[in-house]
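See structure below.
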Amino acid sequence: MEILENRDFSSEFVFSTSRSGGAGGQNVNKVNTKVELRFSIPKSIILTESEKQILLDKLAHKLTLEFELIIVSQVERTQLGNKKLCIEKFHKTISRALKPTKKRIASKPTRASKEKRIEGKKMLSAKKELRKPPL
133 MEILENRDFS
143 SEFVFSTSRS
153 GGAGGQNVNK
163 VNTKVELRFS
173 IPKSIILTES
183 EKQILLDKLA
193 HKLTLEFELI
203 IVSQVERTQL
213 GNKKLCIEKF
223 HKTISRALKP
233 TKKRIASKPT
243 RASKEKRIEG
253 KKMLSAKKEL
263 RKPPL
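The numbering of the sequence shown is my numbering, which starts it at 133 and goes up by one.
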């Protein structure tokens, strides 16, 4: 897969702004600094069909009913700063989801883990042995 940073998703972003909470005093009450980025995965013309399917599977818990990915930022005190943060979060989320997972290589149990397991079995056996009535 090619690097996502080489692709320009900006034409497919839908931004909306609203008033942010938190610190900022009077500025918070009058300026729309909170930014919400919406990206529709099925409607994207930049992503391939296989990439769309991977994203729909891996990001299912982050998608709306219309299969839109929503990313919100209200950390910065400026709308532009929050917009940049949203775009960074978007690229991180997408690239992390499209990164192929490494297959786990099975390893043999170590000697210490085998001995620990045997010791546990011996202790359990001894405990049960004590429960038996004397002969």
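The beta-carbon is built from N, C-alpha and C at its ideal position, and this holds for glycine as well.
Checklist line | Interface flag, LYS246 vs chain B, CB-CB below 7 Å | finding: Absence of chain B from the displayed structure is noted, only one protein chain being present.
Item checked: Top-ranked residue by Cα proximity to ASN214, from LEU197, LYS259, SER150 -> Here residue 214 is taken as the residue at index 82 of the sequence shown, counted from 1. Minimum Cα-Cα distance from ASN214 among the listed residues LEU197, LYS259, SER150 corresponds to SER150.
Notebook entry, point to check: Where does the unbroken alpha helix (DSSP H) through PHE171 begin, and where does it stop?
Noted result: Counted from its first residue, the sequence shown places residue 171 at position 39. Careful: PHE171 lies outside any alpha helix (DSSP H), inside the beta strand (DSSP E) at 166–172.
Next item on the list: Reducing DSSP to helix, strand and coil, say where MET133 ends up.
Entry: Position 1 of the sequence shown, counted from the start, is the residue given in the question as residue 133. Confidence at MET133 is low in this model, with a pLDDT of 46, below 50, so its placement is unreliable and no value can be given for it.
Checklist line | Backbone CA spacing between MET133 and PRO232 [nearest angstrom] | finding: Sequence index remark: in the sequence shown, residue 133 carries index 1 (1-based). Sequence index remark: in the sequence shown, residue 232 carries index 100 (1-based). Any reading at MET133 must be qualified, since the residue scores a pLDDT of 46, below 50, and its modelled position is unreliable; the value itself is stated next. Going from the Cα of MET133 to the Cα of PRO232 covers about 10 Å.
Check: Do LEU188 and ILE173 have their C-beta atoms closer together than 7 Å?
Finding: For the purposes of this step, residue 188 is identified with residue 56 of the sequence shown, where counting begins at 1. For the purposes of this step, residue 173 is identified with residue 41 of the sequence shown, where counting begins at 1. LEU188 is a Cβ neighbour of ILE173, given a cutoff of 7 Å.
Margin query: Helix, strand or coil for THR210? Go by DSSP, reduced to three states.
Written below: Within the sequence shown, residue 210 is the residue found at index 78, counting from 1. Coil at THR210, not helix or strand.
Next item on the list: For GLN206, count neighbouring Cβ atoms within 10 angstroms of its own Cβ and tell me buried if that reaches 16, exposed if not.
Entry: Stepping through the sequence shown from its first residue, residue 206 is reached at position 74. GLN206 counts as buried, since no fewer than 16 other beta carbons sit within 10 angstroms of its beta carbon.
Margin query: For ASN164 and GLN211, I'd like the C-alpha separation in whole angstroms.
Written below: Walking along the sequence shown from the start, residue 164 turns up at place 32. Walking along the sequence shown from the start, residue 211 turns up at place 79. Going by the C-alpha atoms only, they are around 7 Å apart.
Notebook entry, point to check: Which of the three DSSP states, helix, strand or coil, is assigned to VAL204?
Noted result: To locate residue 204, count along the sequence shown from 1; it is residue 72. Looking at VAL204 - three-state DSSP - the assignment turns out to be strand.
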